[in-house]
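Numbering (my numbering), first residue to last: 19 to 203.
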């Protein structure tokens, strides 16, 4: 009886945290959008999704990652559903899932958080490129080129990449020290 109650409590906690991070993913772009030419480069939707994968696990990270860009597109018209929100949904779902999986599976060392983050970021970029290629082939007049992948995935995104590499480990280490994660499954 106690184990079932603890399991239900954990599921509710993960649901609430995931909802909070989803809401943060919807709101953060408004804050960075006030920085013309730089705000979108900070990749504000990525941070809550990555945190969700680390804190709540791969399933919750995948779900939040899939929903954030789609909901932002439906609610606020940004990013445009095609091609950006669709490609971002797959990218962010990959971020959340891979971050959560790697964090749980890698040996518990201080570098585990950084390795999990870097693997998730690389996997998400690859998925974004592949999905963008398909979307552009199906819906757009011009195809998705390697130059577009490089520019969108790395050159224009470098401030957000740096922010993720600096901020995510700091937050995760603080949560670990406070014994707030990992949440046991």
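Note that the Cβ used here is the ideal one computed from N, Cα and C, for glycine as well.
Our two residues, residue 200 and residue 193, have alpha carbons roughly 8 Å apart in a direct line. Here residue 131 is near residue 191, since their CB atoms are less than 8 Å apart. For the pair residue 135 and residue 88, the CB atoms are not nearer than the 8 Å cut-off. Residue environment: residue 73 is assigned as buried (16 or more neighbouring CB atoms within 10 Å of its CB, all protein chains considered).
The beta carbon of residue 115 sits closer than 6 Å to those of 76, 79, 80, all from its chain and outside the five residues before and after it, given in chain order. Annotated as distal: residue 90 and residue 40, with beta-carbon spacing of 8 Å or more.
Assigned with DSSP and collapsed to three states, residue 147 falls in helix.
In this structure residue 119 is buried. Its beta-carbon is surrounded by 16 or more other beta-carbon atoms within 10 angstroms. Judged by DSSP in its simplified three-state form, residue 182 adopts helix.
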